[in-house]
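Chains as they are written, first to last, in our numbering: chain A, 577 to 847; chain B, 577 to 847.
Heads up, the beta-carbon is just placed ideally off N, CA and C, and yes, glycines get one too.
Accompanying notes for the structure given below.
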């Protein structure tokens with residue numbers, strides 16, 4: 577019957593966009609979401625710290641008997657997925673590999689752009705995966721640290737954001753890039769801005785959508801789809817109760833979130 | 577002789593500007609600095625979380641036998657100072673009270689502006705202190721969440737920062753504000769931008785300078801100035817080793833920082 581929930585985690589609220597895609601593509605699945613709102617953002621932190629935080633969250637999700645884990649955060653996927661996958665005996669999928677596959681399929685010029693947090697870009701994990709998929713691909717990367725704060729300040733359609741986008745993305749034009757991976761959960765909210773900067777022809781790859789697709793394929797292949805037909809439950813946990821989580825959840829999710837529980841995540845240091 | 581160090585802490589690197597002022601005004605004092613680089617920023621988090629993190633840091637500083645604690649972060653000063661002061665038997669000073677005193681002294685129009693993080697502004701602690709100092713003062717406050725990310729991205733002299741400053745600060749002109757508290761350690765770096773926006777006549781109050789002055793007065797009044805005449809030691813601890821800390825420290829401090837140690841700060845939950 578496989579009624580155990582799928583655990584989804586993120587450094588904060590951004591992973592709710594991945595959750596939304598999972599709800600759309602897998603409406604029969606129970607979900608447990610954890611947002612690390614007390615320690616957000618991850619994008620400027622070291623690999624060691626991102627692994628420690630991701631491990632604590634994994635330990636917490638295991639107490640919820642999850643049957644699979646989705647790392648909905650690009651930074652944690654880039655830096656902690658391998659370490660997490662080694663520690664648990666359930667499937668773990670991140671957003672980077674599905675995003676890389678979609679980008680490799682989308683490009684004709686074989687020039688792919690990747691934007692993300694400083695930590696994601698520094699990790700070079702998109703480069704590694706894309707070259708694994710096709711060694712002929714040229715990968716051009718750029719960290720865009722101001723994009724997430726601009727989105728969080730509500731400036732998704734604004735001359736300031738356009739100005740910053742021009743500076744961050746200008747060099748992609750020189751490389752004849754025809755596919756751009758939006759390698760941070762906040763960036764799809766800037767799709768209009770990015771299209772204004774780079775033109776309509778560039779394909780914007782949103783790993784959230786691709787990840788939900790990969791998750792579905794994985795659940796089918798492992799024969800762990802929830803086939804019970806019973807009422808579905810979605811649970812939300814955070815490390816800090818912030819107004820932002822509730823308002824973002826209400827904006828992004830198809831269902832209203834009536835209960836969000838706070839977890840002292842630091843307590844999950846040991847398994 | 578009072579050779580015990582002074583403990584200084586901040587959510588990250590910003591408190592180093594306060595440390596610099598302490599070094600200038602109190603060159604004979606030993607210092608232990610802690611920057612919570614793994615969990616930065618505090619400005620968007622809840623009071624409960626800021627108190628928990630500040631308590632852990634205080635517990636850590638106590639293991640270093642500090643004779644006094646300076647909370648160099650506006651957000652932690654605004655939300656956690658009272659709670660910390662209750663838990664320890666050494667003097668604790670924050671940046672808010674000294675900043676409020678200086679602003680109350682600087683204003684002639686009795687209209688004072690305060691800018692800071694969302695959490696600092698929401699706490700209304702500057703309003704409370706300023707009204708305590710003079711009930712006739714009108715306090716106009718504004719959260720400026722993009723200022724710190726803009727400074728961290730190096731855009732201290734930039735048309736984008738000017739544009740954002742115009743939006744954040746515009747309303748201060750309507751209130752005949754003649755003194756503005758720079759209520760976040762990053763903001764003094766935007767003094768030029770703020771002067772361009774609000775004119776040369778407005779007095780910009782930097783709590784870092786005022787805090788070092790208050791600290792000196794307190795050490796004198798409690799008779800705990802270091803009078804040993806021995807070589808001075810400055811120690812630096814962080815919760816995450818980030819490139820940013822080292823580069824910011826090198827830019828801000830008069831001495832080069834040759835050793836920075838990482839502390840697992842979550843372990844200091846209990847005293």
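Quick one: what's got a C-beta closer than 6 Å to residue 679(B)'s C-beta in the same chain, skipping five residues either side? 688, 755, 757, 781
Spatially closest choice to residue 681(A) from 693(A), 707(A), 698(A), 669(A), by CA coordinates: 707(A)
Cβ-based neighbour list, residue 621(A), same chain, cut-off 7 Å, excluding 5 preceding and 5 following: 695
Min CB distance residue 599(B) to chain A below 9 Å: no
Would you say residue 739(B) lies against chain A (beta-carbon separation less than 9 Å)? yes
To test your reading of the DSSP string, which unbroken alpha helix (DSSP H) runs of 4 or more residues are found completely within the region 660-730 of chain B? List check, alpha helix (DSSP H) in window: 672-682, 694-699, 701-709, 723-728.
Nearest residue (CA-CA) to residue 624(A), options 794(A), 740(A), 738(A), 699(A): 699(A)
Listing by chain order, which chain B residues have their CB less than 7 Å from the CB of residue 621(A)? Neighbours of residue 621(A) on chain B, chain order: 614, 816, 818.
At 7 Å on the CB atoms, spell out the chain A contacts of residue 589(B), in chain order. Residues of chain A passing the Cβ test: none, with the nearest at roughly 11 Å.
Candidates 672(B), 834(B), 735(B): which alpha carbon is nearest residue 761(B)'s? 672(B)
For chain A, check one thing: does any of its Cβ atoms lie closer than 9 Å to the Cβ of residue 845(B)? yes
Would residue 587(A) and residue 676(A) be called neighbours here (beta carbons separated by less than 9 Å)? No, they are not a contact pair.
Per-residue DSSP class, three states only, for residue 837(B): strand
Provide the residue(s) that pair with residue 607(A) in DSSP beta bridges, ordered along the chain. 582(A), 810(A)
I'd like the span of the beta strand (DSSP E) that includes residue 765(B), first residue to last. Run containing residue 765(B): none; DSSP gives neither H nor E here.
Min CB distance residue 733(B) to chain A below 9 Å: no
Given 8 Å, three or more beta-carbon pairs between the region 723-731 of chain A and the region 716-727 of chain B: yes
Contact list for the region 829-845 of chain B against chain A, Cβ threshold 8 Å: Listed by position along the chain: 842, 845.
What's the C-alpha gap between residue 748(B) and residue 658(A)? 51 Å
Contact between the region 817-825 of chain A and the region 581-595 of chain A: three or more CB pairs below 8 Å? yes
Does chain B have any CB closer than 9 Å to the CB of residue 722(A)? yes
Using a C-beta cutoff of 9 Å, does residue 806(B) count as contacting chain A? no
Taking the alpha-carbon positions, what's the residue 775(A) to residue 715(A) distance? When rounded, the distance between both Cα atoms is 19 Å.
Distance, residue 637(B) Cα to residue 690(A) Cα: 42 Å
Which residues of chain A have a Cβ atom closer than 8 Å to the Cβ of residue 736(B), listed in chain order? 736, 739, 740
Distance, Cα to Cα, residue 821(B) vs residue 600(A)? 42 Å
Grab me the residues of residue 654(B)'s own chain with a C-beta within less than 6 Å of its C-beta, minus the 5 sequence neighbours each way, in chain order. 672, 696, 699, 701
Return yes when the C-beta of residue 775(A) is under 8 Å from any heavy atom of the ligand COA, and no when it is not. Looking at this structure, you won't find the ligand COA or any other ligand, since it has none at all.
Chain B contact for residue 708(A) (CB, 9 Å cutoff): no
Exposed unless 16 or more other CB atoms sit within 10 angstroms - verdict on residue 802(B): Looking at its Cβ environment, which holds 16 or more other Cβ atoms inside 10 Å, residue 802(B) is buried.
Inspect the beta-carbon positions of residue 627(B) and residue 645(B) and report whether they are closer than 9 Å. no
Strictly under 9 Å for the Cβ-Cβ distance: is residue 729(A) near chain B by that measure? Contact of residue 729(A) with chain B is assigned, a C-beta pair being separated by under 9 Å.
How would you label residue 630(A), buried or exposed, when you count the other beta carbons within 10 angstroms and need 16 or more for buried? buried
Check this for me: beta carbons of residue 808(B) and residue 605(B), under 9 Å apart or not? yes
Identify whether residue 774(A) lies in helix, strand or coil by the three-state DSSP scheme. In the structure shown, residue 774(A) sits in a helix (DSSP, three-state: H, G or I).
So with CB distances below 8 Å, who are the chain A contacts of residue 725(B)? 721, 722, 725
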